[in-house]
Ligand SMILES: [Ca+2]
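In my numbering, the protein residues as written are 102 to 589.
Have a look at this one:
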């Protein structure tokens, strides 16, 4: 090889590792990706998933054009592990992100989802929370120009061409606030931390993080409409604190009219100790009034977040590139709103391990898909839809075929982990199997999802279920062995 040819060859190799230049025609025939993710959003709170109290017209509008998945599951039931997993295409045990601190999934020099797009000529940006960020305990200080000028949380800088933060006042927002959790005598002020707090805030949408996120996302769509983009828009509501402008609370006032899930005497008697969620009505000392207000405050946050989704979608329409933009809407995990007197995330029951997921690809028919999908499938699926080279050995699967044929199945079960409780879930169509500790020594839950979809009766101890439990134990052991084999 002559010297200059060798140089060119080396330059190409070098360039392909950082940012492959686009051919001229590639600029027009590639889909953009608009990835919208909410934080701590249970699918049960969305009107397109059947909620009749909390109306989410803007998310419903995406569902009306796209494919709405009814059996989508996160791989970790809280922010850090879930986000590192779907951004890398690997399970939490493979990425090593089982908590909140790792700055980057441990995937060696392999590209994350957005980084893969960046490496192939896309403008890749995030607005606000895509990898883990503290909400609150971070988001309120991001980019305030002072001592935390660039609060980026557990972000991965290599994943982005540019990144933007959206600081908001969170629990300090002026308005009517109340701390619901651990405040039985009502004397506590409104506090921060991972605490149930409701604030009906003064001022408009843009006082808060998500309002700023919508404005920035709209700006970026307009500015980058002429090049392929991968834009991650991370809304922080309905994560606590439940802060939103007053008008979003109105449909849920008085909060006392909110209806709590059915309470069944002895509901906890057949639940192993790690299966009792880390937040309960009991340990949060929330009476019925506070429980109902928690639901109203949560719904108001969802309604506010939905309105911001509408602004981003309006900007996409106005940009003229909606017809070549894939839109994805999801959440990092679900949330309990009082089922079994459980609250918040971590649990491996459907309300917490299940997620809303809508994928809308221009030109494809709207549908509802009941096949199992996992959030880590998004990376290989969207890369495939955009014609990018396949990343070898990702643990996610390409589910793009479901967008043409919603009866297609690529998984027999969904898998999720709750590292905080050493809990593992295998969710099959007819059964949910939950196990605590890798050897199941801290307990098992088995639910018949046809007869008991709300998971009230644990069948794991019944003699007639012994064979089924043994089968699930073996399947779980096999899954745990495979998911660690990331072979980087
Ligand atoms: Ca979260």
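Even glycine gets a Cβ: it sits at the ideal position worked out from N, Cα and C.
Are residue i and residue j closer than 8 Å when you measure CB to CB?
i: residue 462; j: residue 500; result: no
i: residue 420; j: residue 323; result: yes
i: residue 150; j: residue 352; result: no
i: residue 368; j: residue 337; result: no
i: residue 412; j: residue 315; result: yes
i: residue 180; j: residue 217; result: no
i: residue 254; j: residue 239; result: yes
i: residue 445; j: residue 380; result: yes
i: residue 261; j: residue 212; result: no
i: residue 143; j: residue 400; result: no
i: residue 537; j: residue 527; result: no
i: residue 293; j: residue 346; result: no
i: residue 252; j: residue 325; result: no
i: residue 473; j: residue 512; result: yes
i: residue 164; j: residue 459; result: yes
i: residue 145; j: residue 452; result: yes
i: residue 520; j: residue 199; result: yes
i: residue 133; j: residue 364; result: no
i: residue 396; j: residue 449; result: no
Per the DSSP calculation, residue i is bridged to which residue(s)?
i: residue 232; result: Residue 232 is not bridged to any residue.
i: residue 529; result: 514
i: residue 302; result: 276 and 346
i: residue 224; result: 330
i: residue 546; result: 535
i: residue 569; result: BP columns for residue 569 are empty, so no partner.
i: residue 174; result: 455 and 475
i: residue 432; result: 139
i: residue 261; result: Note: residue 261 sits in no beta bridge, so no partner.
i: residue 322; result: In DSSP, residue 322 forms no bridge with anything.
i: residue 443; result: 381
i: residue 497; result: The partner list for residue 497 (beta bridge, DSSP) is empty, contrary to what the question assumes.
i: residue 189; result: For residue 189, which the question treats as bridged, DSSP gives no partner whatsoever.
i: residue 169; result: 459 and 469
i: residue 519; result: 524
i: residue 437; result: 445
Can you tell which of the options has its C-alpha closest to the C-alpha of residue i?
i: residue 485; options: 221, 162 and 550; result: 221
i: residue 543; options: 523, 498, 549 and 279; result: 523
i: residue 518; options: 561, 402, 507 and 434; result: 434
i: residue 510; options: 471, 558 and 130; result: 471
i: residue 192; options: 538, 516 and 545; result: 516
i: residue 332; options: 288, 546 and 188; result: 188
i: residue 306; options: 349, 320 and 581; result: 349
i: residue 131; options: 582, 577 and 489; result: 489
i: residue 258; options: 237, 231 and 267; result: 231
i: residue 287; options: 383, 388, 172 and 158; result: 388
i: residue 304; options: 328, 162 and 276; result: 276
i: residue 583; options: 545, 425 and 195; result: 195
i: residue 455; options: 206, 171, 163 and 164; result: 171
i: residue 384; options: 466, 285 and 507; result: 285
i: residue 431; options: 574, 403, 207 and 530; result: 403
i: residue 242; options: 267, 365 and 508; result: 267
i: residue 161; options: 558, 208 and 148; result: 148
i: residue 362; options: 580, 579, 577 and 152; result: 152
i: residue 498; options: 182, 190, 135 and 154; result: 190
i: residue 551; options: 155, 530 and 571; result: 530
i: residue 360; options: 320, 289, 154 and 585; result: 154
i: residue 487; options: 219, 182, 197 and 207; result: 219
i: residue 514; options: 573, 539 and 328; result: 573
i: residue 539; options: 206, 576, 328 and 562; result: 576
i: residue 580; options: 571, 562, 557 and 525; result: 525
With a cut-off of 8 Å on the beta carbons, I'd call residue i and residue j a contact; round off their distance for me.
i: residue 168; j: residue 468; result: 5 Å
i: residue 394; j: residue 299; result: 6 Å
i: residue 186; j: residue 476; result: 7 Å
i: residue 308; j: residue 318; result: Not really, about 17 Å apart at Cβ, beyond 8 Å.
i: residue 555; j: residue 440; result: 7 Å
i: residue 391; j: residue 281; result: 4 Å
i: residue 297; j: residue 378; result: Actually they are not in contact, since the Cβ atoms of residue 297 and residue 378 sit about 13 Å apart, beyond 8 Å.
i: residue 546; j: residue 376; result: 6 Å
| query | Any chance the stretch 173 to 193 sits against the stretch 361 to 372, with 3 or more Cβ pairs inside 8 Å? | reply | no
| Just checking, does the stretch 271 to 278 make contact with the stretch 339 to 351 on the three C-beta pairs under 8 Å criterion? | yes
| request: Evaluate contact between the stretch 500 to 516 and the stretch 354 to 367, counting only Cβ atoms and requiring at least three cross-stretch pairs below 8 Å. | output: no
| Given 8 Å, three or more beta-carbon pairs between the stretch 491 to 499 and the stretch 404 to 417 | no
| Should the stretch 558 to 572 be regarded as contacting the stretch 463 to 480, the criterion being three or more beta carbon pairs within less than 8 Å? | no
| task | Indicate whether the contact test is met: 3 or more Cβ pairs, each with one atom in the stretch 138 to 150 and one in the stretch 399 to 409, closer than 8 Å. | result | yes
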